[in-house]
Every structure is written in C-alpha cells, then in structure tokens.
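Just so you know, the protein sequences line up as chains A and B, in that order.
Per my numbering, the very first residue in the first sequence carries number -2; after that it's consecutive.
Per my numbering, the very first residue in the second sequence carries number 5; after that it's consecutive.
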Amino acid sequence: MVKEYFRPAGVEEALELLAVPGSLALAGGTFALAFDARAKPERIVDVALAVPRGIERRGGALRIGAGARFQELIDSEAVPAVLKAAAASMANRNARNRATVGGNLGANKSCASLVPILLVLGASVEYRERGRPSAVVPLAEWLAAPKGLALTLTAPLGSPAAGKPTPGEGLRAASLRASRTACDIATATAACAFVLDAGRVAGLRVAVGGFGPHAALRLDIAALFEGKPLPTKAEIENAVLPLLIAIGDQRGSAEYKRLRGAALVADTLHAAEVIT
Amino acid sequence: MKVNFTLNERAVSWECEPGESLRDALRRKGIVSVRNGCDGEGSCGLCAVLLDGRLVNSCQVLAPQADGSAVSTVDFYSRNRELSIVQQALVDASCVQCGYCTPAVVLALHELLERCPSPSHAEVQDALSGTLCRCTGYEQFYDAARIAASRLADPAYVEPAGPEFRPDLRHVGKDRDKVDAPTLVRGERAFVEDRVDADACHLKLLMSPHAHAWIKSIDCSKARSMPGVVEILTHENCPDQVYTTAGQGYPEPSPYDQRMFPRKVRHVGDRVAAVLATTPEEAEAAIAAIVVVYDVLEPVLSIADAKAPGAPIVHHGDVTYVVGDPPSGSSVKGDGRDDPIVYQFPLHADPHRNLAASVADGIGDVERGFAEADVVIERTYIGTRVQCTPLEPHVVYAKVDSGRLVIHASTQVPWHVRRIVSRAIGISENKVRVIKERVGGGFGAKQDIVLEDVAGYMAWTTGRPVFFRYDRRMEFMTSRTRHGMEVTVKLGARRDGMLTAIEMKVDADTGPYGQHCLTVPMNAVSKSLPLILCDNARFEVKTYYTNLSPAGAYQGYGAPKGSFGLQTALAELAAELGMDQLDLIEKNRVRSGSRIEILRSLGEGRPGSPVTLGECGLGEMIARGRKAFAWDKPKPAPTGPDWKVGRGAVIIQQGSGLPGLDSANAELRLLTDGTLLMLSGGADLGTGLDTVTAKAAAEILGLDMADVTVVSGDTDTTPFDKGAYASSGTYFSGNAAVRAAEDLRDKCIKVASGILGEAESDLKIVPHGIVRGKSGEVSLAKLAHMSTQGEGHGDLVGFGNFKTEHAAFPYGAHFVEAAVNVRSGEVKLRRFHAYQDCGTPINPALAMGQIYGGVMKAVGHSLYEEMLYDGQGRPLNLGFTDYKIPSIFEVPDDFHVEFVPVEDEVGPFGGKSVSEISLNSAAPAISIAIHDAVGAWCRVWPFTPERVLRAMGKL
C-alpha cells in the first residue's frame, strides 16, 4: 500500500529519495500501478519531472528522454517509422499516453514493445547513480543489470560497424509482434537490424521477446544468417525453430509459441526496410 | 496530502491519500461518470479522463500525480444540459446502448476531434483503441465520429436518414433518439453504484479456493470481533433453503440445488462466507481472519469426467420432486450430509450420477433415413466456455425502507429477483421491492440472481444498507458462463444433397449448479434443427454437473453452439458431396409455408407442437448475400503469399420469447397536460426496449416521442413482466405496450365521444394528440384535464397484457470472408454481412446496433475467448488482460447489416426479436470460411491460431 508519494524536480533529488529502501521509481504507471489488487510499494518516487522527456535527432542518432511517452514517439518527426511502429504496437492509445520509454526499460518485460528494436539498433543508455556523474552503457548491458535512473537513450540510426551498405542503402530494421488480439500482451516479439552488403546480410542483430524472462539479443540467431543472402521465410523458420525455447501458457502451447516465434523472426527479416 | 488541480476548468484542492488513484478520488468526490470495468488493469478504458488534454486511464494515475494538471471528465461537456457535438452524434448514430462505456467514448472522440478535426477510419480506431464496449460492436462509433466531424465543420450539417420502414407510421420503422441516451451520454447517475448512500455497509465474500471440498469447520470468532464488522454469514447461520438462481418463469425448469452458503463447495469461487462491514477494507480484513478447514475432494473437470463410471459426485443430497416422479433407475437417497435437490418437475435427471437434466425425442424413422442415405457423416463440435463480461459487473444495493426490503438491482429479471429473494429470505413478496436501474450490460449473466439473495438477506436481518459489487475477478469466477458443449451431428443425404436423416447429440456442462441446465442445451437443438426440413430427425441432450464455474444464460442461449454444430456439419456434408454449401442449404432449408414438424418435440419443458411457417425471408437474404459476395465467381485475391481467402455462409434463427409460457404487462397513463407516462414491466438492458414501448405509445396516441416518459422494471410501480430474456423484449413487452396504448386510445375516444357528441366510430386520434371527429375535436390534454376534474371519470389509463401461443422466428443469413495466414494460423475477418429478418425494425439503427454487437460478441467467442482452468479447476484468465474480448481493432473490415423485413402477424407493428439471433452465425461461418481458405476444419471454438495450425497439420 502506498504511504508516501514524492515528485522530485530533479534527478539528484530523485536519486536521494530512491535510496530509501522500499522506494519505487514511478514512470508512466501503466505497469507499476496496474491492478488494484496488486501490492504496491510504500514509497513512490514519481520521476516524471526528474528525467528528460525530449526526443531529437542528433548526428545520425536518435536521442530519447526516458520520460518520453510512447505517443510522443509516434507524434515526433524525429522518430523513424520502425520505432514508431514498435511504439504503436502498444495498441491501446490510453496506455500510450502514459507509458514512457524509461518505464518500458525499467519494467523490462519479455513482451516489452520497445526493447527489441532498441536492442537491435544498438541503443545505449545514459544513467545516473546517486553521488556519481552520469554514465553511458549499451542498453543490453544496462538491462542485464539495471543501475541508477535511466535518463536518455541514444540509438544510432546509421550502419552498424560491421558490414558496408550497398551504395544508396542504409540500415534496415523491422519490429513485429504476435498477439491474440491487437491489445493483448504479445505472445512473441522480434526485431532485426542489418545492412545488405552486395546482397548479403551484414551486421545482423536479432532480438526476440516471449522466450525467456526478458526480451534479448539473440546472437545465435543472427549468426545463422550473417554474411549470407537473405534466405526464404521457410528457411529462416526452419533454422530458427530449434533455437527457441518457450513455456506454454494460456496464450499458447510451447510448441505453438516456438513455431510462431520462428515465423515472426522470418517475417521481421523480410519486412526490414531502410531507416530514413 | 493536498492535491491542487483544475477539474473541468475549475480549481479544486482535495485531500487525497498518497496511493489513491485518480479514479477513486474522482468517484469519492461524486464524479460518477468515471466508471470501473477492470479494477485497474488499464484494459477497459472506462475510467478515462483527459489529463492535460490527453486521454488516460485514471485508474493508473495516482491522485497526487494530477497536482498542477487539468483534468476533464464527461461532466465538462454536460453543463447546462446541452449535449456537445460528440454527445449528440453518439445519440444520433444510435450507438448508446447500455451506456456504461459511453462517457469514455465521449471523451475519446472529443480528444480526437481536438487534434484531428476530420479523422480517418484509422484515426477513429486509434482514438477508441483503449475503450472496451461489449454492446455495440463498435461499428456505429465510426458513424458518430463522422457526424461529429461534419457538424464541427458545418454546424448546420444534417445526417441523412437511414433505412426506414412502414411508411404508414410516424415513429415506428424510423430512427428516433433512444429515450435514455441523453442521460447516458452525459454520464449522469443511472446505475446501481450511483444510488449508494453514504452510510452503506460493504459486503465481501470469502470464496472457495478449491473446486470440490467439504467445509469441515469454519471459525469466524476472530473476524466477528474485528472493527467495523456488522455481520458474518456462513453455511452455519444462513437460511436453510435451496433454490435456483435462474431467473426463469415459475415453476422453473432448473433444479433447486443451491443454498445461500453450501455445506460443500463445488467450484473455485463458491461462497464460503460473507462479511458485512462499514468499510470495504474492514470487510476484507475480516475475510482474511476467517479460518476454514476443507476436506478436499477430487474435482470433476469435464463432461467426460462427469459421466465416467465411478466419477466423483458433485451433488449428493436427497432428490425430491414437487410434481412427478423420479426417472426410473435414478438415485434419490442422499448421503445425509449434502444439501438437498428439489426438482419442480422431472427433467430426466440423475444427479447422483452427475446428470442434471436430459431429454431425447425426434420425428420419423432416423435409422431408415440413414439407411437410405448415399453419404453419412458424423462430426463432433466443441464450444468451450465463454464469459458474458458485461462491463458493469454484478452489483446490488439493498436496504430496508419503511419496513420493506428495497433492492436496487442491475438485473434482467426484476420480478424473478423479487420472487427468488423473498423465498430465500423467507419473507413475502409484498415486503420486497426491486428497482431495476440502468444495466451496464447483462447478456444473460444478469438473468440469474447472483448477488441479490445474500445482499437482501444481510440488509433485511441487520437493517443496514448493503452495497455488494463484484470485482472483475469474481465476475469471471462466479458469474455465469455459456455452457461448455460437445455437439455431435450425424447427417445422411442423397447424392443430390437432399437430407434423409439428422441426429444431434448434445452433451453440456452446467458446472456446479443446474441453472438453465435443461433449457440452454435444449436450445442448441430447438433453434437449429427447425431451420432444416427433414422427415427423420432425432436429438438427445444431456447436461452434467462438474466442478467448473457456474454456467447459465448467455445471449443466444444454447443456439450459438447448436448452430455451430449443425451449420458446420452441413458444410462438411456439402464438401463431402462436392456441392456448394449454399446449394445444399437451399435444398433443405425452411421456406414460407413450411410445416416444421420437429417443433412437436421441442417444447421448453412442456409438449411442443408443429408450426406452419408464414412468410420467411431466408430466400431473399441468401440471394442478397450471394450477390454481395459474388458467390458464384472466384474468390477475391489474398493480400500476400502467406494469406488464403475463404468464404462461409450460414442460415440462423431464434425465437421471440416463449409462447405459452411468458407474459408481459404495461400501463399507460395520460397526464393532465396531454403527455404520457408508460409504466412498463420490461427490463431494458440498454437494448432500447424502453424506446420501443415509448414508440408504441407515441405512435398510437399521435404524440411525439418527447411526450412519453417510460418508467420500467420497478416491481412496485410497474406491472409484471417476465423479464428480458429469450428474445422477448420487443415481442412481449413491446406488445404489452401496444395493447396498453390501444386500450388508452379506446378510452380516450370513448370519453371524447361524450364530450363532442359524436359516435365513437367517427372519432380517431390524429397528430399531435388530437381526438378528431366529423365536426369537432378535442386535445388529449383537455380530455385528461376534464377526466380528472370533478365531473370526470378519473384518470385515463390504458392497460395491456400480452401472452401468445404464436411462435415468431426471426431468421438471418450471414456471410463471412476471412483471410487465413498459413504460417501463423491467424484469421482476419475481411467481410461480415448480416442479412436479417426481424420483422418491422421498430427503430432501425438501434436494431442494427444490436446485431453489430451480437456479431462481435460471437466473433470474440469464435476467435479469441475461452475460459481456461488448471488441473485443479482453478480459472486461469480472470481479467481482460488475459481473457480477450474484441476491441475496435477486431471489427471486420467490411461490416454490414441489412434488414429484409418480413412482418410478423402478431408482433408489435409486425416486429420480431432482433438481438440474440446475431450470435448464432460467427462460429460456423468463420469455421466454414477457414476450411474454404486452407482446407482444414476447425471443430473447437475459439479458432485460435494454434488450433488453426493444428487443424492444418502444422502442429
């Protein structure tokens, strides 16, 4: 039961408040406040005013304040279509008007809408810990061991280090999800980013959600197709299927989820378009 | 803590708890338009507010987060009682049904138009993406958005009239405002929860964690002494009565097998104890302090479990019959511990073998029919349990007033509530008043007395006002689901497609108690077999007790599952014969003048009789669908290589009330200014029944709709009505209103004859409320005034009663075009056309809304919805996060409703029922379309992607 509520105006104050045991950083609240019956922490530290909220393109990279709402990503001209699509995969507009990028990372659910695409874009997180200057680490690293308060994300939208794009082409990316209904929790999510180098897949990153406690980069899947011409969907499915481990639940059996996930990875690779 | 913000443009400063949601704070301060349908999941959107101009769910905003913000609710748009552009558009588009979601829709569309004055289809869809509506099917929201946008651009914009019927009538067959719509779009007090007094106590239930267990002991001593606790009820101190919760006509065709608190719990969520306390928190705390020791038994979790030799017995009490004898060979002697079972009359039951009811009958010689067939197929179709999910959960407010028990109920059956509650409590009916408030969706779930018995008893015995509202989790666990059914259909046919024999076997699962246990499964047969003419037909229905959630009535009753079985089997037979499925239907369907012999065997718990059908619109409806879908031409192309397109069509029927069983009454009073007060027994659930009765009065008395006020569903002030079920609203309650209006008209003419000195035969009522003769005229206002003065004969009041032996069947032909993804198993509905004969559509756009809503519920059942249980009988999906009802995204791309009216000779102005029938088509039509697309038959609903892939052999 919530007994104390704080809304610090700056990050230092927020970190001080969060240092008290039992405190929870509240972002949009679409996860942390969901369900009346769910136990809530006693101390809520609302970080809405403490973290940046702006969205901008700077030097071929996209910089997103952790406080940016999903709907603001969709409304921003700075945000490429692939990231807008990932944000819009949270189909419920009421939720998008509250849910924040930082909250999506903080909750780090397996079905997270933004995490897969941010991972494959090679996003980094700027964060602050109490009494320390801000630091920047790759998103994958931060998600593996969240530290401090996430302030901004920076996603490079150019070519990945490996691979040279075909002249006239740039980084390709896509993000897809599978769910029973548009507003359901995802059964599986997948995102990819790569360039086509002389018709071959280069610098491929693949992330999937729904096959473990968190959405994650899958180096093993990427390795299957790196340096090769893009296979057919059927070939991708057959190759990916053995690598997916799922747990059956009310959204489907493990067998179905694996098949669906493999199909989603194939669809994602074939749906990838050059980021503009 | 103090929270300062602007609410509807006025500065407010509220003291709030740090953890209080903005929703709770608003409701605490009397903003009732902010509703609650999902208990904070954020999945229903009914608590939406505009926070700094953005639509958000106020359940997921802490009140302190609103500090410094601007909050708007629908109340902002309702000032001065003027309707906003959006509110008026929703009324004009006829998409205000139960009204529980309407304030949220108003806000969503205002927010949309603010940022997007001329929205596209996709933008409307996005704006409403967070709002669930179970009534409307969403389609008419697009009309409302378009109308509002048009008026925003041009305030003088007039929406063209929709389809109209009966040109000889002023109101009937034309769209008129739904009489309760203005109240509902304003978000005014209308529902039970809006009637609760500040001093109300709160009732909470302790529910069984086990599917099947004896209560060995229950210790409430600590709980009783806790602060705020008023009373605790358990099986040890509740009335020792058994009854049925089924709100059916008395004597009910449902066993009396439920005690207010059972000695043995029979499903997860069954009642163990109830605590009444001064606050919800105190009640919850006391619940947690009750100590119960269970003797856990093996549960019965399927029909197969229930009928297996040596199966655990769900009910083991003494079995008695009020009328008639037990079936030969059945067991009646109980184990001495369990609660008794009382049947009002025999239902061919054997409860000690888990058989709650059964029936078997038929016509002709079925064995000979199969022997004469060139092709015989036999298939089994399984319909899993689905939830009604009214967005307003079950709720009741009961209090004692002037020595009587007054129950504010969200019910479909006020009179059955009065009868059943008075019996359960042990008081006479004159001591009980039931007031049906606006109902935030019922769909059958509120045909049962789910809360009113315990709330009424608590109020009566303690004298304290009692508020009892289910949360969504309880609603899923212990409300009423559609019965699980296994329908086996055997068909024999000649090579030319002519049927020679039909056999339907229905096994149903009623759950722990037997409400509707005969009639729902029987309905699977009685609303499907009569569509097909076959001299040799046989059916067998068996309903079993299990330890799953209670089943009961759900819109369509048993018909959707029977229709799924029979219509899909007909298509499978057509495929076997190499015929077009519609050609096979045409060869065998009923048509005008058909004699339907099978009805001889299909009475509702009484002998039936064959019917010679009058006019039947099926031929025309099928023809229109064939044309619209270019049925005889190649199928449309899919959108990509992974997708295949298929089509399916079905014919469907329902009834219009229960001939020979039900009755309805209405009273129409002429007020002294010439306006009318309609006192209708009918229970409007948001369907528009009150608008039907108002129309009847306005039409017959030559008045405008605004001249008629309807009071309905109040057992003290309105006359008896059987309630809203069995598609009886328009036909029974509407006809009662017609008769009341005719009676009042005749009385007015009689009085006017004396005043004008003209023969009654020379007088008629003409618009606008004038009795006109050959030489003179008098207004209704003057008549009323004169009648109530000293020289008059008293109030002019018309009374109407309706009952009938006439069976009026609405028919429909529904067509589906579906795209199936061969890699993912996903099914998308590209087109859904509903051609429907409801007789004269009394209010066409409202009738269309009923069909859109019914179809979308059935689409949900067919593709997404399913109650799931673990191996111990524990329900797994107890909220909208996990149990997915369709949102606006799931609406078919081309969703079309079209009427082919065939007037009924008895129905009000030729009207028949319209709503329930529309749930009978989606499952078979989509199943057939999936087969047409990918060659696989899906025989278990819902047709999830996984089931489609399994049917295709890909899993």
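All residues carry an ideal CB built from backbone N, CA and C; glycine is no exception.
Measure the Cβ-Cβ separation of L118 (chain A) and A152 (chain A) and say whether it is below 8 Å. With contacts defined as CB atoms closer than 8 Å, L118 (chain A) and A152 (chain A) qualify as a contacting pair.
Are the beta-carbon atoms belonging to V272 (chain B) and P213 (chain B) less than 8 Å from one another? yes
Output the distance between the C-alpha atoms of G333 (chain B) and Y260 (chain B), rounded to the nearest integer angstrom. 21 Å
Near F28 (chain A), what residues of its chain come up, given a Cβ to Cβ distance below 6 Å and the 5 sequence neighbours on each side ignored? Hits under 6 Å: A104.
For S20 (chain A), the three-state DSSP class (helix, strand or coil): strand
So which residues of chain B does S250 (chain A) contact, with C-beta pairs closer than 9 Å? E950, L959
In terms of residues, what are the limits of the beta strand (DSSP E) holding N61 (chain B)? 58 to 61
Thinking F208 (chain A) and L241 (chain A) are a contact (beta carbons under 8 Å), I'd like their distance in whole angstroms, please. 5 Å
Using a C-beta to C-beta distance shorter than 7 Å, which residues of chain E count as neighbours of K37 (chain A)? Protein chains in the displayed structure are A and B, and chain E is not among them.
Helix, strand or coil, according to DSSP, for I704 (chain B) in the structure here? It is helical.
Relative to the C-alpha of D158 (chain B), which residue among B:A277, B:K509, B:P121, B:K726 is closest? B:P121
Can you find the residues in the same chain that come closer than 6 Å, C-beta to C-beta, to P469 (chain B), ignoring five residues on each side of it along the sequence? Shown here for P469 (chain B): same chain residues with a beta carbon closer than 6 Å to its own, the five before and five after excluded, namely D201, A204, K403 in chain order.
Within the 8 Å Cβ cut-off, does R174 (chain A) reach chain B? no
Name the DSSP bridge partner or partners of E53 (chain A)? A:R60
Compare the beta carbon distance of T550 (chain B) and C521 (chain B) with 8 Å and say whether it is the shorter of the two. no
Using a Cβ-Cβ distance under 8 Å, would R95 (chain A) count as near chain B? yes
Select from the region 115 to 145 of chain A all residues with a C-beta closer than 8 Å to any C-beta belonging to chain B, and list them in chain order. none
Could you list the residues in the region 191 to 210 of chain B with a C-beta less than 9 Å from some C-beta on chain A, going in chain order? Listed by position along the chain: nothing, the set is empty.
Is the Cβ-Cβ distance between Q657 (chain B) and L535 (chain B) less than 8 Å? yes
Taking 8 Å as the cut-off, does the region 245 to 260 of chain B touch the region 340 to 347 of chain B (at least 3 CB pairs, one atom from each stretch)? yes
Can you list, in chain order, the residues of its chain whose CB lies under 7 Å from that of A152 (chain B), leaving out five sequence neighbours each side? I89, V90, A93, L113, L117
Against G26 (chain A), what residues of chain B qualify as contacts under a CB-to-CB distance less than 8 Å, listed in chain order? Contact note: G26 (chain A) reaches chain B through Q64, V65, L66, Q69, using a C-beta cutoff of 8 Å and chain order.
Would you check if the distance between the CB atom of A700 (chain B) and the CB atom of M709 (chain B) is smaller than 8 Å? no
Near P210 (chain A), what residues of its chain come up, given a Cβ to Cβ distance below 7 Å and the 5 sequence neighbours on each side ignored? S107
Measure the CB-CB distance between P113 (chain A) and A36 (chain A) and report whether it falls below 8 Å. No. Outside cutoff.
Please list, in chain order, the chain A residues whose beta carbon lies closer than 9 Å to that of Y868 (chain B). R177, T178, D181
State buried or exposed for E396 (chain B), treating a residue as buried only when at least 16 other CB atoms are found within 10 Å of its CB. buried
Closer than 8 Å to chain A by CB, E544 (chain B): So no, E544 (chain B) is outside the interface.
Please report the residue range of the beta strand (DSSP E) in which S828 (chain B) lies. Premise fails: S828 (chain B) is in no beta strand (DSSP E) and is neither H nor E.
Can you tell me which of the three DSSP states Y81 (chain B) falls into? Three-state DSSP puts Y81 (chain B) in a helix.
C-alpha distance - Y868 (chain B) paired with H900 (chain B), whole-angstrom precision: 21 Å
Can you give, in chain order, each stretch of the beta strand (DSSP E) that sits fully within the region 304 to 377 of chain B and has at least 3 residues? Segments of the beta strand (DSSP E) lying fully in the region 304 to 377 of chain B: 323 to 325, 345 to 347, 359 to 367.
For chain A, check one thing: does any of its Cβ atoms lie closer than 8 Å to the Cβ of M5 (chain B)? By this cut-off, M5 (chain B) is an interface position.
Could you give the first and the last residue of the continuous beta strand (DSSP E) run that contains L240 (chain A)? Note, L240 (chain A): premise wrong, no beta strand (DSSP E); not H, not E.
E45 (chain B) versus chain A: which residues are under 9 Å apart at the beta carbon? A31, F32, D33
Which residue or residues does DSSP assign as beta-bridge partners of V133 (chain A)? Paired residues: A:E123.
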